[in-house]
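K.L.:
Residue numbers (the working numbering): 7 to 296. In this text, a Cβ means the ideal position worked out from N, Cα and C, and glycines have one as well. Everything numeric in this text was worked out from a predicted model, so none of it was measured.
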Amino acid sequence: MELQWTANGNVSVYHTAWCIAHFPTQTEHCQDSLRTAALALDKLCGNFHVPKSRFWDQLLTLSATVHFTSDLAKRVMARTGLSSPHQQALLAGHLNECRRAFEGCFPKFGSEIPLRAGPLRQLWEAQGPGLLRMIARTTDEGLLVENAEVTLVQPILGGFGYAHLVTNRIHFEAVLINAAPELPETLRLAWLLAQLDLERPVYSELINTSRLRSLAGLAMLPVVLTAGQELDVCRCTTELIEQAVALWQADTLELKQSHAAAVLTSWWETYQAARPEWRIALTGLDKMLS
7 MELQWTANGN VSVYHTAWCI AHFPTQTEHC QDSLRTAALA LDKLCGNFHV
57 PKSRFWDQLL TLSATVHFTS DLAKRVMART GLSSPHQQAL LAGHLNECRR
107 AFEGCFPKFG SEIPLRAGPL RQLWEAQGPG LLRMIARTTD EGLLVENAEV
157 TLVQPILGGF GYAHLVTNRI HFEAVLINAA PELPETLRLA WLLAQLDLER
207 PVYSELINTS RLRSLAGLAM LPVVLTAGQE LDVCRCTTEL IEQAVALWQA
257 DTLELKQSHA AAVLTSWWET YQAARPEWRI ALTGLDKMLS
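1. As a quick exercise: from V82, T271, A256 and G164, pick the residue whose alpha carbon is nearest that of C242.
2. Looking only at its chain, what residues have a beta carbon closer than 7 angstroms to the beta carbon of T244, apart from the 5 residues adjacent to it on each side?
3. Quick check for students: name the residue ranges of the alpha helix (DSSP H) that lie wholly in the segment 204-239, counting only runs of 4 or more.
4. Select from M83, A200, D238 and K293 the residue whose C-alpha is nearest the C-alpha of E155.
5. Return the CA-CA distance between H170 and H21, expressed in angstroms with no decimal places.
6. Report yes if the C-beta distance between I247 and L231 is below 8 angstroms; otherwise report no.
7. Under 8 angstroms, with one C-beta from each stretch per pair, do the segment 124-142 and the segment 86-99 reach the 3-pair mark?
8. Between T173 and the rest of its own chain, which residues show a CB-CB distance below 7 angstroms, the 5 nearest in sequence each way excluded?
9. Do you know whose CA, among I176, R60 and G99, lies nearest Q10's CA?
10. Have a look at Q255, T215 and S264 and flag the residue whose alpha-carbon is nearest the alpha-carbon of H28.
11. Just checking, does the segment 178-189 make contact with the segment 43-52 on the three C-beta pairs under 8 angstroms criterion?
12. Which residues in the same chain as A107 place their Cβ atom closer than 7 angstroms to its Cβ, once the five residues preceding and following it in sequence are excluded?
13. From E109 to V239, what does the alpha carbon distance come to, in whole angstroms?
14. Which residues in the same chain have their Cβ closer than 7 angstroms to the Cβ of F54, if we skip the five residues on either side of it in sequence?
15. Which of helix, strand or coil does DSSP assign to L158?
16. With DSSP run on the structure shown, which of helix, strand or coil describes Q10?
17. How about R217 and D146: do their beta carbons lie closer than 8 angstroms?
18. On a Cα-Cα basis, can you pick out the residue from N14, P57 and P125 that is closest to T71?
19. Report the partner residues of E179 according to the DSSP bridge assignment.
20. Among V56, D63 and L97, which has the Cα closest to the Cα of T75?
21. Quick one: residues in its chain with C-beta nearer than 6 angstroms to the C-beta of E211, no 5 flanking neighbours on either side, listed in chain order?
22. Which class does A169 belong to by DSSP, given the choice of helix, strand or coil?
23. On the premise that E191 lies in contact with L126, defined as a C-beta separation below 8 angstroms, what is that separation, rounded to the nearest angstrom?
24. In terms of residue numbering, what span does the alpha helix (DSSP H) encompassing Q255 cover?
25. Assuming contact is defined by CB atoms lying nearer than 8 angstroms, are V17 and V159 in contact in what I supplied?
26. Straight-line CA distance for V229 to T215?
27. Can you check the segment 43-127 for any alpha helix (DSSP H) of at least 4 residues that lies completely inside it and give the ranges in chain order?
28. Thinking L261 and L288 are a contact (beta carbons under 8 angstroms), I'd like their distance in whole angstroms, please.
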């Protein structure tokens, strides 16, 4: 897999807003101006009667390529089925507020992110290709994308990432140290990259699209930890799966983290014993998590 490494202030702005909206208690360290702007933006999409998951997914995806807030508001409106000029103006205003608050809180973002990127890229070059080879070997040789973009963003949750399944792009908090020694950042990066092709119909045609991103994240957890275990990077146990769920903020589809980890362990053991096609395994996991 060829990776293109980028740093994007625009994505960082709305990644920060997303984190505050979704994890308010874990982002209390953020300045009040940033929290106020982010929560107002989250409330706005509710006032528009747009599903929040759809709104935020479109905003995060589009922000990587659309830089002017007026254009970004217009594109998000189009992707979420809205067309009112008044709503568009409101959205553009809230996006601008988030941008101004972010720039006030992180004025050195542009100069600091390249410094954060260096060590991460070195670690990836040492471990990443081997992890990906093991992932392909234990799942499906055609599962991984050939090219992907890694967009580095300001750390807000101490190590979080988001896989944009339709664009072959992930955004990734550029932390300076491993949040947990037993779960190095190369594993988190491999976990996100391994999800990128799971929206292809050959894998996902029987899965509800509203569940797919969450399911992809859960499915790849034991896969990545098994790959890491083969390379003596980590272990693959139910306890470590649960720890990864918590540390990497994996969406458990409303299950308790301990229950989700137990289901993943059972599913993975069954898969390794029977080795069905990956699409069948993924559909089976979807049923187990329902």
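P.N.:
Taking the definition as stated:
1. As a position in the sequence shown, residue 242 is number 236, starting the count at 1. If you compare the alpha carbons of V82, T271, A256 and G164 with that of C242, the shortest gap goes to T271.
2. Taking the first residue of the sequence shown as position 1, residue 244 is located at position 238. Within the same chain, T244 has close Cβ partners A267, A268 and T271.
3. The segment 204-239 contains these whole alpha helix (DSSP H) runs: 207-210 and 215-236.
4. The count along the sequence shown starts at 1 and reaches residue 155 at position 149. Nearest of M83, A200, D238 and K293 to E155, Cα basis: A200.
5. If you number the sequence shown from 1, residue 170 lands on position 164. If you number the sequence shown from 1, residue 21 lands on position 15. If you take the alpha carbons of H170 and H21, they lie about 13 angstroms apart.
6. Position 241 of the sequence shown, counted from the start, is the residue given in the question as residue 247. Position 225 of the sequence shown, counted from the start, is the residue given in the question as residue 231. In contact: I247 and L231 (Cβ atoms closer than 8 angstroms).
7. no
8. Along the sequence shown, read from residue 1 onward, the residue named residue 173 stands at position 167. If we look at T173 and ignore the five residues flanking it on each side, its Cβ neighbours are T67.
9. Within the sequence shown, numbered from 1, the residue matching residue 10 stands at position 4. Nearest C-alpha to Q10: I176.
10. By 1-based counting over the sequence shown, the position of residue 28 is 22. Considering only alpha carbons, the answer is Q255.
11. no
12. What you label residue 107 is simply residue 101 of the sequence shown in a count that begins at 1. Correct list, in chain order: S39, L40 and A43.
13. One-based indexing of the sequence shown puts residue 109 at position 103. One-based indexing of the sequence shown puts residue 239 at position 233. If you take the alpha carbons of E109 and V239, they lie about 37 angstroms apart.
14. Walking along the sequence shown from the start, residue 54 turns up at place 48. If we look at F54 and ignore the five residues flanking it on each side, its Cβ neighbours are L88 and Q93.
15. Working through the sequence shown from its first residue, we reach residue 158 at position 152. In the structure shown, L158 sits in a strand (DSSP, three-state: E or B).
16. For the purposes of this step, residue 10 is taken as the residue at position 4 of the sequence shown. It is a strand residue.
17. Position 211 of the sequence shown holds residue 217. Position 140 of the sequence shown holds residue 146. No, they are not a contact pair.
18. Taking the sequence shown and counting its residues from 1, one reaches residue 71 at position 65. Of the candidates N14, P57 and P125, the one whose C-alpha sits nearest the C-alpha of T71 is N14.
19. As a working note, residue 179 is residue 173 in the sequence shown. BP columns for E179 point to V159.
20. Taking the first residue of the sequence shown as 1, we reach residue 75 at position 69. Nearest of V56, D63 and L97 to T75, Cα basis: L97.
21. One-based indexing of the sequence shown puts residue 211 at position 205. Here the set comprises nothing.
22. In the sequence shown, the residue the question calls residue 169 occupies position 163. Reduced to three states, the DSSP call for A169 is strand.
23. Here residue 126 is taken as the residue at index 120 of the sequence shown, counted from 1. Here residue 191 is taken as the residue at index 185 of the sequence shown, counted from 1. Contact flag correct, Cβ pair sits at about 6 angstroms.
24. Here residue 255 is taken as the residue at index 249 of the sequence shown, counted from 1. Premise fails: Q255 is in no alpha helix (DSSP H) and is neither H nor E.
25. Taking the sequence shown and counting its residues from 1, the one referred to as residue 17 is at position 11. Taking the sequence shown and counting its residues from 1, the one referred to as residue 159 is at position 153. Result yes, Cβ atoms of V17 and V159 sit closer than 8 angstroms.
26. The residue given as residue 229 occupies position 223 in the sequence shown. The residue given as residue 215 occupies position 209 in the sequence shown. Roughly 22 angstroms between the two C-alpha positions.
27. 58-68, 75-85 and 91-111
28. As a working mapping, residue 261 is identified with position 255 in the sequence shown. As a working mapping, residue 288 is identified with position 282 in the sequence shown. In this structure L261 does not touch L288 by the C-beta definition: roughly 17 angstroms separates them, more than the 8 angstroms allowed.
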